[in-house]
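Mind the numbering: the sequence shown is residues 1 to 130 in full-length UniProt numbering, read in order. The beta carbon of each residue, even a glycine, is placed where N, CA and C say it ideally should be. Remember, predicted model here, so these are calculated numbers, not experimental data.
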Amino acid sequence: MEIGRGSSDQTCPVHAIEQWLHFAKIDFGPVFVRTSRDCTKALEARLSDKHVARLIKQTVLDAGIRSHLPEKERIALFSGHSLRAGLASYAEVDERYVQKHLGHASAEMTRRYQRRRDRFRVNLTKAAGL
Numbered sequence: 001m002e003i004g005r006g007s008s009d010q011t012c013p014v015h016a017i018e019q020w021l022h023f024a025k026i027d028f029g030p031v032f033v034r035t036s037r038d039c040t041k042a043l044e045a046r047l048s049d050k051h052v053a054r055l056i057k058q059t060v061l062d063a064g065i066r067s068h069l070p071e072k073e074r075i076a077l078f079s080g081h082s083l084r085a086g087l088a089s090y091a092e093v094d095e096r097y098v099q100k101h102l103g104h105a106s107a108e109m110t111r112r113y114q115r116r117r118d119r120f121r122v123n124l125t126k127a128a129g130l
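See the structure below:
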C-alpha cells in the first residue's frame with residue numbers, strides 16, 4: 001500500500017510514521033507495536049487487530065463522538081474499518097484510485113467502504129485533509 005505525503009507535517013501520516021520510528025527506536029521488525037501501560041515505551045509485541053479496535057473504540061468515547069447515543073451504541077458504530085471507510089469516503093477522488101489504494105479487487109468492495117460519492121482529487125492523504 002502506498003501512502004502519500006500530507007499537506008503539512010501536523011497531519012501527514014508519512015511524517016507521523018517517520019517520527020514514530022525515530023522516537024520508538026524501531027529499525028526493523030513490526031512497525032505497529034504495543035506500548036507500555038503508561039505509554040512511555042514501545043514494546044516488541046506486535047499490535048493486534050483486536051487491540052487496534054479497542055483503541056479506536058476508546059478514542060471515540062474519549063473524544064465524545066456521537067455523545068447523544070448510549071455508550072454501547074457508540075462503540076458498536078466504530079472499528080478499524082471505520083478508518084478505511086473514512087479515508088475512502090472523504091478523500092473525494094475517483095473510485096479507481098480508492099480501489100487501488102485500498103487494495104480492493106473489485107469496485108463493488110470499494111463502494112461498500114465509501115459513504116460519499118463526489119470525488120475529484122488523486123492524493124488520498126491530502127484529499128482526506130491530512
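| Taking the Cβ atom as the reference point for each residue, do residue 6 and residue 110 lie within a distance shorter than 8 angstroms? | no
| Buried or exposed: where does residue 57 fall if 16 or more other Cβ atoms within 10 Å of its Cβ makes it buried? | buried
| task | Helix, strand or coil for residue 31, going by three-state DSSP, please let me know. | result | coil
| message | Measuring only the C-alpha atoms, how far is residue 113 from residue 30? | response | 27 angstroms
| said: Does the stretch 35-55 come into contact with the stretch 64-83, if we say contact requires no fewer than three beta-carbon pairs (one atom in each stretch) closer than 8 angstroms? | reply: yes
| task | Report yes if the C-beta distance between residue 128 and residue 61 is below 8 angstroms; otherwise report no. | result | no
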